[in-house]
Amino acid sequence: MAITEEMQEQISELYVGLIGRAPDNDGLSFWVQALDARRAELDEPAALKSVAQDMFESASSNGYYPGFQTNEQIVRSFYENVLGRGEGEQDQEGIDFWTSAMDSREPGDVIVDMISSLLDSEGGSELTQQSRDLLQNKVAVANYYGTDVSEPGEPSQEDVNVSEALIDSVTADTDTSTPEAVKSFVDAEVEADSGETFTLTTSINDFTGTADDDKFEQTKDGQLSIDDTLDGGAGDDTLFVRDQDGGTGKFTATNIETIDVRASEDNADIELDNVTGYTALVANALTTDGTNADDLEFTEIENSADLTLEVKNIAAADDPNAVFTFADDEFDGDDDTVSVRLANNTNAYVVDIDSSNAGAIETLNIESTDDNTAAATLANEALSATTVNVTGDSDVSLAGGLTGETIDASDATGDVSLVLGDAEQTITTGSGDDVIDMQGRLSSADTIDTGEGEDTLQLDVATGAVVDSSEDAAFENVSNVEVVENTETALTGTITVDFSELDGMTGYTQGAGDNEGLTLTNVTNNATITLGDAANDFDDISIGMAENTGTQTVNFVLNGADVLNGNTLSTSNGFLDEANLETAEAASFLENLGSFDVNKLTISGDQDINLSAEQASNADHAISSATTTVDASELTGDLDVLASGTSTDITGGDGNDEIVGGSGSDVLSGGAGDDSLTFQPSSSSTDTLTGGDGDDTFVQGTANSDSVNAATITDFSIDDDDLDLELTTLENLQPGASADDVDLVDGNANTITAATDLTTVEVDGDGDNPTLAAGDQMIVLTEETFADSSAVEAALASGKSHEFQFDTAPADNDGILIGYETTDGDFRVAVAQMNANSDNSDDIDGVGDVVTLTGLSAEDALNSANFDLIDA
Numbered sequence: 001m002a003i004t005e006e007m008q009e010q011i012s013e014l015y016v017g018l019i020g021r022a023p024d025n026d027g028l029s030f031w032v033q034a035l036d037a038r039r040a041e042l043d044e045p046a047a048l049k050s051v052a053q054d055m056f057e058s059a060s061s062n063g064y065y066p067g068f069q070t071n072e073q074i075v076r077s078f079y080e081n082v083l084g085r086g087e088g089e090q091d092q093e094g095i096d097f098w099t100s101a102m103d104s105r106e107p108g109d110v111i112v113d114m115i116s117s118l119l120d121s122e123g124g125s126e127l128t129q130q131s132r133d134l135l136q137n138k139v140a141v142a143n144y145y146g147t148d149v150s151e152p153g154e155p156s157q158e159d160v161n162v163s164e165a166l167i168d169s170v171t172a173d174t175d176t177s178t179p180e181a182v183k184s185f186v187d188a189e190v191e192a193d194s195g196e197t198f199t200l201t202t203s204i205n206d207f208t209g210t211a212d213d214d215k216f217e218q219t220k221d222g223q224l225s226i227d228d229t230l231d232g233g234a235g236d237d238t239l240f241v242r243d244q245d246g247g248t249g250k251f252t253a254t255n256i257e258t259i260d261v262r263a264s265e266d267n268a269d270i271e272l273d274n275v276t277g278y279t280a281l282v283a284n285a286l287t288t289d290g291t292n293a294d295d296l297e298f299t300e301i302e303n304s305a306d307l308t309l310e311v312k313n314i315a316a317a318d319d320p321n322a323v324f325t326f327a328d329d330e331f332d333g334d335d336d337t338v339s340v341r342l343a344n345n346t347n348a349y350v351v352d353i354d355s356s357n358a359g360a361i362e363t364l365n366i367e368s369t370d371d372n373t374a375a376a377t378l379a380n381e382a383l384s385a386t387t388v389n390v391t392g393d394s395d396v397s398l399a400g401g402l403t404g405e406t407i408d409a410s411d412a413t414g415d416v417s418l419v420l421g422d423a424e425q426t427i428t429t430g431s432g433d434d435v436i437d438m439q440g441r442l443s444s445a446d447t448i449d450t451g452e453g454e455d456t457l458q459l460d461v462a463t464g465a466v467v468d469s470s471e472d473a474a475f476e477n478v479s480n481v482e483v484v485e486n487t488e489t490a491l492t493g494t495i496t497v498d499f500s501e502l503d504g505m506t507g508y509t510q511g512a513g514d515n516e517g518l519t520l521t522n523v524t525n526n527a528t529i530t531l532g533d534a535a536n537d538f539d540d541i542s543i544g545m546a547e548n549t550g551t552q553t554v555n556f557v558l559n560g561a562d563v564l565n566g567n568t569l570s571t572s573n574g575f576l577d578e579a580n581l582e583t584a585e586a587a588s589f590l591e592n593l594g595s596f597d598v599n600k601l602t603i604s605g606d607q608d609i610n611l612s613a614e615q616a617s618n619a620d621h622a623i624s625s626a627t628t629t630v631d632a633s634e635l636t637g638d639l640d641v642l643a644s645g646t647s648t649d650i651t652g653g654d655g656n657d658e659i660v661g662g663s664g665s666d667v668l669s670g671g672a673g674d675d676s677l678t679f680q681p682s683s684s685s686t687d688t689l690t691g692g693d694g695d696d697t698f699v700q701g702t703a704n705s706d707s708v709n710a711a712t713i714t715d716f717s718i719d720d721d722d723l724d725l726e727l728t729t730l731e732n733l734q735p736g737a738s739a740d741d742v743d744l745v746d747g748n749a750n751t752i753t754a755a756t757d758l759t760t761v762e763v764d765g766d767g768d769n770p771t772l773a774a775g776d777q778m779i780v781l782t783e784e785t786f787a788d789s790s791a792v793e794a795a796l797a798s799g800k801s802h803e804f805q806f807d808t809a810p811a812d813n814d815g816i817l818i819g820y821e822t823t824d825g826d827f828r829v830a831v832a833q834m835n836a837n838s839d840n841s842d843d844i845d846g847v848g849d850v851v852t853l854t855g856l857s858a859e860d861a862l863n864s865a866n867f868d869l870i871d872a
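According to UniProt numbering, the sequence shown is numbered sequentially starting from 1.
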């Protein structure tokens, strides 16, 4: 087959998506020919995906997709490196979709689909359009470089660096609308990236660079040593150290602006005693061997106003260490400054600035950029700088315990997280959702202003007041904090929180209950209370609102929160109208809501929630009689709830819910999932049940010992749903004049104890009705409809259409199940109570309805095996 331009472009797409650079001439030729050969064996899509997987497994792709990455990390790397979407711009639905695809297919196969799905699409969100424009421009530039610029032959490292820099320089706005525009862009970028590449050897290296941007490359341990002399000359030059194990020796280098290092195994020491002219020291992509993380140390650093210490691209676990040790007496002045840049780190790491022999650092500048997300633990003098300035557009998390007098992050636009030490401090943060961890102490000498965003102040209190009038002085200089979090896990007494003592407070977080109580007062409308840690149960929790105007609402985030063993979640002043419960992280139990007097409960989240069953005694607790609505339609976990005596509308979600009605006229809806809905037959109320999707079970609960109103099931499926009639409950019915309970029997007057499936027998009213025999547990009346149970009783009388006989006369107050069609076209189940010692249905004290099955016919009932009696 002939090589086509389409095939060239497809390979260029793979270079961009899998390797992150433009193809070199030989590489493009090799992979295009491989694609051509695969097309002779496979269809075109399969051939391309086969080549893509080979490219993914090649050493060239390791920079983009290191071998330790999970499928989700591979997908996220594609989003970030190829589509230019940082973590905050990665839609979780798309991440989940492509990760799931990769779980059952090869990564190269899926990445082909990720590329084509974007390039072949039209429209979409502004972000989607930007990503499509960026990818199209990258492919156009890559293809031109590979076909028209790159020369035949094995590419040098310099060539590879140029092709990487070329793709990195492309934006969504790059003009690639014409071949001339592509050529102009590529020519300009390649010229700007010109310079020579010097590859070090294990022999003595003595290299002098050009006036352009040169690169000096150590690719194997032992190539950089005390005997080497490197001079970058003019330009912006870089020394890449990529496989250093142990110390380099005191090599000599001048005029090399950037020293970019990766450690090879456990420890690497870059000895800078004889190195001058550097402006950037970079700890790049430190890794782990699965047991120990890399420790990289730059030693004998000479500080300058132009110097930046950079830590970037850390994705490995086990907290790699980047250590920057300064030469003696470097900070002997009174205005010494160190600048640190944190870029694209996605796993935790340590930044150790050691100036123990160099003097104190007055100012530490920290910039977070390039989608930096992971926590950096600062060490040594990085913690004690008098002033710390934090800037940048990415998240930054600084742990270790900063003790500086001033920490100013007001210009940071990402989320800032700070763990502070024991010192009097002035803290200012910016527009992100910031977290200030005071490590248990807050005094009137501290000044905290967290600026815009949803900000959190973390304290550490074992008992008593976290926020109340006794803490006025401590909170006097705190502003713009929305959420207070108590991080103490070993509580010793009830925790109290008064929202009115901190202006603007809209939320409180308590991670662990530790069998202690929580009292919240003056809670603001729409406040969020976050409770967590299923391993540490809460004692009583009380909520008191600040106002009693309008609709007062509180939002709960339940991260596995348990209020068990008779303890309650309650309202203290009756001002709360609605509560939103969101489940997360683990199942939650709020087993006694009898005093949680809200009108409406709205439940969401992906974890189970139990609002009724006490774990210790297995008793059931009803929700508050004030609650008339429980809406769990957005819940994907399982719901367990028991209504009170108030008529309540309860709606389940996607889980397998257990919804139990109370003594009121309840409306119970299961939603999706295999649900259990329990109705309570009563003479004073009527329940309405809807199972929704799934295989549902409708259960008769405890009934009053009197004639009852029939509950209604609106969507009973004869094929999928079960109707469970509790035997002992049915025997409590008194549908006739007698004050005695019925005793359910079959057609031979045998007491019914239990049955998996009801045995039905037809009574069709044709004058030749059957005599009921042993095992006949339910008669079904056909050929006629009935308005109600009174009409059924009349039809069973002597000489009437549906008179029937028992094989053996029942005793007084024996009862049998009756099924009949109503005049409304539904099917109803009832109980007939017999008089003494007669085998004829004429001797009936009364008929009491139990449940109405909307849309079901008598014929359906006769042919069903889904009517169950349970010996409860």
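Ideal Cβ positions, reconstructed from N, Cα and C, are used throughout, including at glycine.
Considering only residues of the segment 553–604, which uninterrupted beta strand (DSSP E) runs meet the minimum length of 3 residues and lie entirely inside it, listed in chain order? For secondary structure counted as the beta strand (DSSP E) over 3 or more consecutive residues, the segment 553–604 holds these complete runs in sequence order: 553–559, 569–571, 578–583 and 588–590.
What is the DSSP secondary structure of ILE818, reduced to helix, strand or coil? Of the three classes helix, strand and coil, the one that applies to ILE818 here is strand, per DSSP.
By how many angstroms is the C-alpha of ILE495 removed from the C-alpha of ASN610? Rounded to the nearest angstrom, the gap between the Cα atoms of ASN610 and ILE495 is 24 angstroms.
Any chance you could list the beta strand (DSSP E) runs of at least 3 consecutive residues sitting entirely within the segment 648–709, in chain order? Restricting attention to beta strand (DSSP E) runs no shorter than 3 residues, the segment 648–709 encloses them at 649–651, 658–660, 667–669, 676–679, 688–690 and 697–700, ordered along the chain.
Euclidean distance between Cα positions of ILE361 and ASN380: Going from the Cα of ILE361 to the Cα of ASN380 covers about 11 angstroms.
Does DSSP classify MET778 as helix, strand or coil? Correct three-state label for MET778: strand.
Tell me the start and end of each unbroken alpha helix (DSSP H) in the segment 383–471 that is at least 4 residues and wholly inside, in chain order. Taking only runs of at least 4 residues, no alpha helix (DSSP H) segment lies wholly in the segment 383–471.
Which word fits LEU119, buried or exposed, when buried means at least 16 other C-beta atoms lie within 10 angstroms of its C-beta? Exposed is the label assigned to LEU119, since fewer than 16 other Cβ atoms lie within 10 Å of its Cβ.
Taking three-plus beta-carbon pairs below 8 angstroms as touching, is the segment 133–142 in contact with the segment 164–174? Yes, the segment 133–142 is in contact with the segment 164–174.
Taking Cβ to Cβ, would you say SER150 is nearer than 9 angstroms to ASP24? Against a cut-off of 9 angstroms, the Cβ pair of ASP24 and SER150 comes out as a contact.
C-alpha gap between THR690 and LEU677, whole angstroms: Roughly 8 angstroms separates the two Cα atoms.
Using beta-carbon positions only, say whether THR553 and ASN526 come within less than 9 angstroms of one another. With a cutoff of 9 angstroms on beta-carbon distance, THR553 and ASN526 are scored as near each other.
Could you please give me the residues that DSSP links to LYS312 through a beta bridge? Beta-bridge annotation (DSSP): LYS312 is paired with ASN284 and ALA343.
Coil, strand or helix - LYS49 by DSSP: Looking at LYS49 - three-state DSSP - the assignment turns out to be helix.
Give every residue of the same chain whose Cβ lies closer than 6 angstroms to the Cβ of GLU13, excluding the five residues on either side of it in the sequence, and list them in chain order. These residues qualify, in order along the chain: ILE115 and VAL139.
Just to confirm my understanding: we take ASP868, look at its own chain, exclude 5 residues before and 5 after, and list those with CB closer than 8 angstroms. What are they? If you ignore the 5 residues before and after ASP868, its C-beta comes within less than 8 angstroms of the C-beta of ASP722, LEU723, ASP724, LEU725, ALA755, THR756, ASP757 and LEU758, all in its own chain and listed in chain order.
Cα separation between ASP814 and LEU744? Each residue's CA atom was taken as its position, placing ASP814 and LEU744 some 6 angstroms apart.
Based on the DSSP secondary-structure assignment, which residues constitute the bridge partners of SER479? Answer is ASP449, bridged to SER479.
To the nearest angstrom, how far is the alpha carbon of VAL699 from that of PHE804? Taking the straight line from one Cα to the other gives about 29 angstroms.
Where SER572 and MET545 are concerned, what is the direct C-alpha to C-alpha distance, given to the nearest angstrom? Going by the C-alpha atoms only, they are around 8 angstroms apart.
Does DSSP classify GLY233 as helix, strand or coil? Under the three-state reduction of DSSP, GLY233 is assigned to coil, being neither helix nor strand.
Between which two residues does the beta strand (DSSP E) holding TYR144 run? Counting along the chain, TYR144 sits inside no beta strand (DSSP E); it lies in the alpha helix (DSSP H) bounded by residues 126–144.
Backbone CA spacing between ASN835 and ALA584 [nearest angstrom]: Distance between the alpha carbons of ASN835 and ALA584 is about 57 angstroms.
Given 8 angstroms, three or more beta-carbon pairs between the segment 45–54 and the segment 81–90: The answer is no - the segment 81–90 does not touch the segment 45–54, with fewer than three Cβ pairs under 8 angstroms.
Using 9 angstroms as the threshold, is the C-beta distance between SER542 and THR506 below it? THR506 is positioned such that its CB atom lies no closer than 9 angstroms to that of SER542.
From ASP788, GLY747, SER789 and GLU784, pick the residue whose C-alpha is nearest to that of ALA773; which is it? Nearest option by C-alpha distance: GLY747.
LYS183 (DSSP reduced to helix, strand or coil): In this structure, LYS183 counts as helix in the three-state DSSP scheme.
Taking THR628 as the reference, which of ASP666, GLY671 and VAL557 has the closest Cα? Taking the Cα of THR628 as reference, the smallest distance to any Cα among ASP666, GLY671 and VAL557 is reached at ASP666.
Would you please verify whether the beta carbon of THR686 is less than 9 angstroms from any beta carbon of chain B? Chain labels in this structure do not include chain B; a single protein chain is all it has.
Could you pull out every residue in the same chain whose Cβ sits closer than 6 angstroms to the Cβ of GLN92, ignoring the five residues on either side in sequence? Hits under 6 angstroms: none found.
Span of the alpha helix (DSSP H), counted from its first residue to its last, around GLU9: Counting along the chain, the unbroken alpha helix (DSSP H) around GLU9 starts and ends at 5–14.
With 16 other Cβ atoms within 10 Å as the buried cut-off, status of GLU6: Taking every protein chain shown into account, the CB of GLU6 has fewer than 16 other CB atoms within 10 angstroms, so this residue is exposed.
Are the beta-carbon atoms of SER417 and ALA343 separated by less than 9 angstroms? Contact: no.
Just tell me which of ASP539, THR528, PHE575 and ILE529 has its CA closest to the CA of THR551. Here the closest residue by C-alpha is PHE575.
Would DSSP call GLY63 helix, strand or coil? Here GLY63 sits in coil by DSSP.
Excluding the 5 residues preceding and the 5 following LYS250 in the sequence, name in chain order all residues of the same chain whose CB lies nearer than 6 angstroms to its CB. ILE226, GLU271, ASP273 and ASN274, listed in sequence order.
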